[in-house]
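*Asks:* Here it is, the structure in full.
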Amino acid sequence: MAERVSPTRMELQATKWQIALAIQGRDLLKDKRNVLMKEFMKVAEHVMGRSDELERSAASARHALALAEALEGEEAVRSASFAARGEASIDVGGGDVMGAPAPRIERASLSRPLHERGYSLVGTSAKIDDVARRFEDELNLVVEVAASEARLRRLAEEIQRTSRRVNALENITLPRLVAERDTIEMVLEERGREDLFRLKRVKKRLHEKQQERA
Amino acid sequence: MAGDYGYSNARIRAMKAALLDRRDYEALLAAASVEALIEALARTAYKEDIEAALVKVAGVPCVVEGLRRNVVHTVGAVPRFFDGRPRELVRLLVSRWDLSNLIAILRGQARGVPAEEILQALVPAGELHEADLRELVKQPTIRATAELMLTWRLPYAGALAGALRLGNGDLAGVETALHKVRFGDALASLGREANDLLVREMLETEIDVENISLLLRLAGLGDRRAALQARYGAAGPGALLVDGGSLPAHLLGQLGAAADAEAMVRLLQGTSYGAALQNRLGHYRQSGDAGVLERGLEEILVLKGIRMFHRDPLTIAIAIGYLWAKSNEIANVRLIAQGKTLGWGSDMIREEMIWWTRE
Chain A
0 MAERVSPTRM
10 ELQATKWQIA
20 LAIQGRDLLK
30 DKRNVLMKEF
40 MKVAEHVMGR
50 SDELERSAAS
60 ARHALALAEA
70 LEGEEAVRSA
80 SFAARGEASI
90 DVGGGDVMGA
100 PAPRIERASL
110 SRPLHERGYS
120 LVGTSAKIDD
130 VARRFEDELN
140 LVVEVAASEA
150 RLRRLAEEIQ
160 RTSRRVNALE
170 NITLPRLVAE
180 RDTIEMVLEE
190 RGREDLFRLK
200 RVKKRLHEKQ
210 QERA
Chain B
0 MAGDYGYSNA
10 RIRAMKAALL
20 DRRDYEALLA
30 AASVEALIEA
40 LARTAYKEDI
50 EAALVKVAGV
60 PCVVEGLRRN
70 VVHTVGAVPR
80 FFDGRPRELV
90 RLLVSRWDLS
100 NLIAILRGQA
110 RGVPAEEILQ
120 ALVPAGELHE
130 ADLRELVKQP
140 TIRATAELML
150 TWRLPYAGAL
160 AGALRLGNGD
170 LAGVETALHK
180 VRFGDALASL
190 GREANDLLVR
200 EMLETEIDVE
210 NISLLLRLAG
220 LGDRRAALQA
230 RYGAAGPGAL
240 LVDGGSLPAH
250 LLGQLGAAAD
260 AEAMVRLLQG
270 TSYGAALQNR
280 LGHYRQSGDA
290 GVLERGLEEI
300 LVLKGIRMFH
310 RDPLTIAIAI
320 GYLWAKSNEI
330 ANVRLIAQGK
340 TLGWGSDMIR
350 EEMIWWTRE
């Protein structure tokens, strides 16, 4: 590749400028990667914590369900679940993580007060309310963990992409530009030496002609 | 009176003899796993139902299915032992299964639940038989269900049509109206005869328990007055309370205005519910779960029903006692099965159970 470069002073200037730009870009990307890593670790810690909480919440909901099914009967709990059934809508909007696009899930609460769960308060029980409340809590955590996991995945992708760009700059672009710069410098130095030699020869010939005339 | 109840009550006493005794319960509680529990149940009066259920499912679902089969043919048999007025009274007692089934169908149809799934929420132990319920479940809409019920003159047909006419698509409102109709019609049909008074006594207790339980649950609602105003158009819970209980209206009003569940328990001191609620107040303070207090009320209701066995043996009291004893036994066996899966010890299961065994 270096052979195709025009060995001119202008090209040398341009290559040196490109090398400076690439170093600056690499350093910036390294800084970005460090910030992304810090953010990744923070979100990962949050996700791990909330995942543990989600597991506890799911176990608590299953326990409440088993107790309600034992005391009220599976049929009564199933019947109440029909009434409480509905669509849980969450808003998914566009956001960005360090300049990278990432889905943003709005954490609107999916919990409902006991008189808004679709079943009558007459003929149902506090045990059924308890099951509904615990499953709503679990659902809220599922949405929260899903939002954090989406952010985490996006951060991981961005870290990977940034690392690839840093590696490309460090291992491909910069060595190529340095090689180009060295080649141009070498050609220019060679050309300079040739010019000096030629000038000396011309100077010597001119001196010889002056002596012949004298 | 003896002529009406003598033979029928003898049949019920024979069924009472098949209820689990203390030794049966101890065997069930001692079972190391759900499979061992199923084996122990197969050595009791549940044998046929458990064996039939085992063909379809295993584990806790087998116990649930076995119990469901059992309740259908034991409770379902009780009205058939009676004729005339006694049968009408027994129908009032088993009508709660019909109402639960009807409400499950309405809920399922309102939310587009598949018919097979709705059928799993039904216990055809009342007047509505499985064939009737299957046909109702097949209806595409709640309105079509109401029309079919009117055509077939099924229980609650008029009440459902009326509630649908008045309601504005609010299924919870329709459910509340149906519960009120069940209690209201039953109380209106009762006279001053001794058997009528026994049924009235139980219905009044059921209404009290329903009302107190509802008020205790509402006590946990943040900004109760505003929430009730927004949902029911009134700041008090009056629209939800069932008329006809033994608690006076002014006490229900005070309970509705009480600041919290503890204040309600204080207000109920002096009633037949006060002591049981007071005993559970400590546990309620620790857990904040209204279900703890509600369970105390259920215990009062169940034991009151079962103690009917000790009343005049030639009255409806024996049928009342049997129906409550059977319901409680089913709940206890379910509790033991679920307790085993949750890893509870025998003592913990025992604490949750409402203890009554035949002598």
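So the protein sequences, as listed, match chains A and B. Be aware that the first sequence starts at 0, since it is given in numbering that gives the first Met the number 0, and climbs by one per residue. Be aware that the second sequence starts at 0, since it is given in numbering that gives the first Met the number 0, and climbs by one per residue. For glycine and all other residues, C-beta sits at the position ideal for the given N, C-alpha and C. Predicted model, so just to flag it, every value in this text is computed and none were measured.
Considering A/Ala101, what are the terminal residues of the beta strand (DSSP E) in which it resides?
*Replies:* Ala99 to Ile104
*Asks:* Nearest to B/Arg42 by alpha carbon, out of B/Leu19, B/Ser32 and B/Val54?
*Replies:* B/Leu19
*Asks:* Can you tell me whether DSSP reads B/Arg357 as helix, strand or coil?
*Replies:* strand
*Asks:* Leaving out five residues before and five after B/Val180 in sequence, what residues of the same chain have Cβ atoms less than 6 angstroms from its Cβ?
*Replies:* Ala158
*Asks:* What residue range is occupied by the uninterrupted alpha helix (DSSP H) comprising A/Val201?
*Replies:* Per DSSP, A/Val201 belongs to the alpha helix (DSSP H) from Leu173 to Arg212.
*Asks:* Along chain B, which residues have their Cβ under 8 angstroms away from the Cβ of A/Ile129?
*Replies:* Residue identity check: residue 129 of chain A is Asp in the sequence provided, not Ile. Ordered by position in chain B, the residues that pass the 8 angstroms Cβ test against A/Asp129 are Asp288 and Gly290.
*Asks:* Between A/Glu73 and chain B, is there a C-beta pair that is closer than 7 angstroms?
*Replies:* yes
*Asks:* With distances taken Cα to Cα, identify the nearest neighbour of A/Ala60 among A/Arg133, A/Leu168, A/Lys37 and A/Val121.
*Replies:* A/Arg133
*Asks:* Using a Cβ-Cβ cutoff of less than 7 angstroms, which residues in the same chain neighbour B/Leu66 once the five nearest sequence positions on both sides are dropped?
*Replies:* Ile329, Val332 and Arg333, listed in sequence order.
*Asks:* Taking all protein chains shown into account, decide if B/Thr150 is buried (16 or more other Cβ within 10 angstroms of its Cβ) or exposed.
*Replies:* Exposed, by the Cβ-count rule.
*Asks:* Give the straight-line distance between the Cα atoms of B/Gln253 and B/Leu266, rounded to the nearest whole angstrom.
*Replies:* 8 angstroms
*Asks:* Just checking, does the stretch 91–106 of chain A make contact with the stretch 146–158 of chain A on the three C-beta pairs under 8 angstroms criterion?
*Replies:* yes
*Asks:* According to the neighbour-count rule (16 or more other Cβ atoms, all chains shown, within 10 Å of its Cβ), is B/Ala1 buried or exposed?
*Replies:* Residue confidence for B/Ala1 is low, a pLDDT of 45 falling below 50, so the modelled location carries little weight; the figure read from the coordinates is stated next. With fewer than 16 other Cβ atoms within 10 Å, it is exposed.
*Asks:* Please classify A/Asn166: is it buried, with 16 or more other beta-carbons within 10 angstroms of its beta-carbon, or exposed?
*Replies:* exposed
*Asks:* Span of the alpha helix (DSSP H) holding B/Trp343?
*Replies:* Counting along the chain, B/Trp343 falls outside any alpha helix (DSSP H), and DSSP gives it neither H nor E.
*Asks:* Tell me A/Gly94's beta-bridge partners as DSSP assigns them.
*Replies:* A/Ala101
*Asks:* Could you give the first and the last residue of the continuous alpha helix (DSSP H) run that contains A/Val142?
*Replies:* Ala125 to Ala167
*Asks:* DSSP has A/Gln12 in a bridge; who is on the other side?
*Replies:* Per DSSP, none; premise fails for A/Gln12.
*Asks:* Under a CB-based cut-off of 7 angstroms, is A/Leu53 close to chain B?
*Replies:* no
*Asks:* B/Leu334 CB to nearest chain A CB: under 7 angstroms?
*Replies:* yes
*Asks:* Is it the case that the Cβ atoms of A/Leu109 and A/Glu135 are separated by a distance below 7 angstroms?
*Replies:* yes
*Asks:* Who are the near neighbours of B/Trp355 in its chain, counting only those whose CB is closer than 7 angstroms to its CB and skipping five residues on each side?
*Replies:* Leu302, Ile305, Ala324 and Asn327
*Asks:* Would you be able to state if there are at least three C-beta pairs under 8 angstroms between the stretch 149–159 of chain A and the stretch 239–258 of chain B?
*Replies:* no
*Asks:* Which chain B residues sit within Cβ distance under 7 angstroms of A/Leu151?
*Replies:* Going along chain B, no residue has its Cβ under 7 angstroms from A/Leu151, so there is no contact; the nearest lies around 34 angstroms.
*Asks:* Between B/Thr204 and chain A, is any beta-carbon pair separated by less than 7 angstroms?
*Replies:* no
*Asks:* Let me confirm a value: A/Ile183 is counted as buried when at least 16 other C-beta atoms fall within 10 Å, else exposed. Which label applies?
*Replies:* Under this definition A/Ile183 is a buried residue.
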